[in-house]
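Trainee: A single structure is presented below for examination.
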Amino acid sequence: MAKVDNKASNTQIMQMHSMKRKHGQVGKIDDIDLGCTDIVMYQSSKCLNVADPNKLPVVIRPNPDDAYLTSDPDVDGQLMIKLSFRDPVSIIALIVRATAPPAPKDEAKKNSDDDDDEDDSEEEENYEPAGPRLVKLFSNKPELDFTDAEEITAAQQIVLTPKHLKGEKIQLKALKFQRCTSLQIFIVDNQKSSEYTYVNRIGIIGRLAQAYHTQYQ
Numbered sequence: 095m096a097k098v099d100n101k102a103s104n105t106q107i108m109q110m111h112s113m114k115r116k117h118g119q120v121g122k123i124d125d126i127d128l129g130c131t132d133i134v135m136y137q138s139s140k141c142l143n144v145a146d147p148n149k150l151p152v153v154i155r156p157n158p159d160d161a162y163l164t165s166d167p168d169v170d171g172q173l174m175i176k177l178s179f180r181d182p183v184s185i186i187a188l189i190v191r192a193t194a195p196p197a198p199k200d201e202a203k204k205n206s207d208d209d210d211d212e213d214d215s216e217e218e219e220n221y222e223p224a225g226p227r228l229v230k231l232f233s234n235k236p237e238l239d240f241t242d243a244e245e246i247t248a249a250q251q252i253v254l255t256p257k258h259l260k261g262e263k264i265q266l267k268a269l270k271f272q273r274c275t276s277l278q279i280f281i282v283d284n285q286k287s288s289e290y291t292y293v294n295r296i297g298i299i300g301r302l303a304q305a306y307h308t309q310y311q
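Take 95 as the starting number for the sequence shown in my numbering and just add one per residue.
Here's what the structure looks like:
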């Protein structure tokens with residue numbers, strides 16, 4: 095019977111473990127696009143001041159067809175998106191894409207019969223669709239409303255540039271978004287200070303708990 099060199103075997107095991115750890119393979123929890131999983135509970139999630147709340151699942155998912163979620167231009171350009179998660183998640187990055195706008199608001203054109211052409215021009219500009227500019231993020235505040243969002247300090251505040259709106263990944267302060275059971279996204283204004291804000295995609299990049307098994311992975 096061949097003699098087993100336990101010392102040599104243990105050394106090899108330790109070397110393999112060291113190599114895996116070096117390359118990030120031991121106990122690694124991958125960063126994933128949470129919109130590609132079933133972690134978001136859309137029936138419990140809400141949109142405030144939006145024209146069509148049914149578009150929310152579309153813009154949280156990859157949305158290759160560039161559908162859009164818009165503010166209600168009869169009110170103003172602010173939106174609030176309140177996402178609920180099935181299980182606590184850690185969020186590390188955000189993607190905001192706004193590259194395919196809707197047509198300008200029809201109501202702006204209804205004022206074309208006014209005598210003052212200069213006023214007409216200003217009205218049309220006021221309804222021009224534009225991507226988000228200032229965004230405030232809150233964690234685990236499911237009851238948040240517009241008044242609260244204006245008054246309390248956000249977990250993170252982001253000023254988006256046109257470059258960001260092409261879908262660039264924006265790193266978040268990860269410590270502020272650990273074990274999130276809900277995420278609140280307050281879009282304060284847009285790139286053109288108009289009454290009509292739109293977004294094609296809001297990507298949430300993060301980590302699921304190791305024990306969570308999504309049917310979409």
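The C-beta atom is built at its ideal place from N, Cα and C for all residues, glycine as well.
Going by the beta-carbon positions, is the gap between R295 and R180 smaller than 7 Å?
Mentor: Translated into positions along the sequence shown, residue 295 becomes position 201. Translated into positions along the sequence shown, residue 180 becomes position 86. No. Outside cutoff.
Trainee: How many Å lie between V229 and A305 at the Cα?
Mentor: Position 135 of the sequence shown, counted from the first residue, corresponds to residue 229. Position 211 of the sequence shown, counted from the first residue, corresponds to residue 305. So the alpha carbons of these two residues sit roughly 32 Å apart.
Trainee: According to DSSP, simplified to helix, strand and coil, what is N220?
Mentor: Along the sequence shown, read from residue 1 onward, the residue named residue 220 stands at position 126. The answer is helix: DSSP assigns N220 an H, G or I state.
Trainee: Under 7 Å, do S139 and L177 count as touching if we go by C-beta distance?
Mentor: For the purposes of this step, residue 139 is taken as the residue at position 45 of the sequence shown. For the purposes of this step, residue 177 is taken as the residue at position 83 of the sequence shown. Their beta carbons are under 7 Å apart, which means S139 touches L177 by this criterion.
Trainee: Give me the Cα-Cα distance between Q272 and S165, rounded to the nearest whole angstrom.
Mentor: For the purposes of this step, residue 272 is taken as residue 178 along the sequence shown, with counting starting at 1. For the purposes of this step, residue 165 is taken as residue 71 along the sequence shown, with counting starting at 1. Taking the straight line joining both Cα atoms gives about 29 Å.
Trainee: Is DSSP giving D209 helix, strand or coil here?
Mentor: The residue you call residue 209 lines up with position 115 of the sequence shown. Any reading at D209 needs caution, since the residue's pLDDT is 43, under 50, leaving its predicted position unreliable; the model's value is listed next. If DSSP states are grouped into helix, strand and coil, D209 belongs with coil.
Trainee: Give me the residue from G300, A161, R155 with the minimum Cα distance to K267.
Mentor: Looking up residue 267 in the sequence shown gives position 173. Of the candidates G300, A161, R155, the one whose C-alpha sits nearest the C-alpha of K267 is G300.
Trainee: Select from Q285, P158, P147, F232 the residue whose C-alpha is nearest the C-alpha of E275.
Mentor: Locating residue 275 in the sequence shown gives position 181, where the first residue counts as 1. With the sequence shown as reference, residue 275 is identified as Thr, and Glu is not the correct amino acid for it. Comparing Cα-Cα distances from T275 to each of Q285, P158, P147, F232, the minimum goes to F232.
Trainee: Which residue comes first and which comes last in the alpha helix (DSSP H) that contains F240?
Mentor: For the purposes of this step, residue 240 is identified with residue 146 of the sequence shown, where counting begins at 1. Residues 240-245.
Trainee: How would you write the range of the beta strand (DSSP E) that V169 sits in, first residue to last?
Mentor: As a position in the sequence shown, residue 169 is number 75, starting the count at 1. V169 -> no beta strand (DSSP E), and no H or E assigned at all.
Trainee: Within this structure, are the beta carbons of A224 and K270 separated by less than 7 Å?
Mentor: The count along the sequence shown starts at 1 and reaches residue 224 at position 130. The count along the sequence shown starts at 1 and reaches residue 270 at position 176. No, the pair does not count as a contact, with Cβ atoms beyond the cut-off.
Trainee: For the beta strand (DSSP E) that L142 lies in, which residues bound it at each end?
Mentor: The residue given as residue 142 occupies position 48 in the sequence shown. Taken as a continuous stretch (DSSP letters only), the beta strand (DSSP E) holding L142 covers 140-142.
Trainee: Along the chain, where does the beta strand (DSSP E) containing V153 start, and where does it finish?
Mentor: The count along the sequence shown starts at 1 and reaches residue 153 at position 59. Segment 150-154 is the alpha helix (DSSP H) holding V153; no beta strand (DSSP E) there.
Trainee: What residue does the beta strand (DSSP E) around S233 start on, and which one ends it?
Mentor: The residue you call residue 233 lines up with position 139 of the sequence shown. Taken as a continuous stretch (DSSP letters only), the beta strand (DSSP E) holding S233 covers 228-233.
Trainee: Just to confirm the assignment, what range does the beta strand (DSSP E) spanning K263 have?
Mentor: Along the sequence shown, read from residue 1 onward, the residue named residue 263 stands at position 169. Start and end: 260-265.
Trainee: Ignore the nearest five residues each way along the sequence and tell me which others in H117's own chain have a CB closer than 8 Å to its CB.
Mentor: As a first step, residue 117 must be located in the sequence shown, where it is residue number 23. Annotation note: pLDDT 49 at H117 (below 50); position unreliable, coordinate value reported separately. Excluding positions up to five away in sequence, the list is empty.
Trainee: According to DSSP, is A187 part of a helix, a strand, or is it coil?
Mentor: The count along the sequence shown starts at 1 and reaches residue 187 at position 93. Three-state DSSP puts A187 in a strand.
Trainee: What's the C-alpha gap between G297 and Q278?
Mentor: Residue mapping note: residue 297 aligns to position 203 of the sequence shown, counting from 1. Residue mapping note: residue 278 aligns to position 184 of the sequence shown, counting from 1. The alpha-carbon atoms of G297 and Q278 are separated by roughly 13 Å.
Trainee: Is the beta carbon of A161 less than 7 Å from the beta carbon of V152?
Mentor: Counted from its first residue, the sequence shown places residue 161 at position 67. Counted from its first residue, the sequence shown places residue 152 at position 58. It is a contact, given that the beta carbons lie within the stated cut-off.
Trainee: Check for me: the beta strand (DSSP E) holding G225 runs from which residue to which?
Mentor: Translated into positions along the sequence shown, residue 225 becomes position 131. Looking at the DSSP string, G225 is not in any beta strand (DSSP E), and its letter there is neither H nor E.
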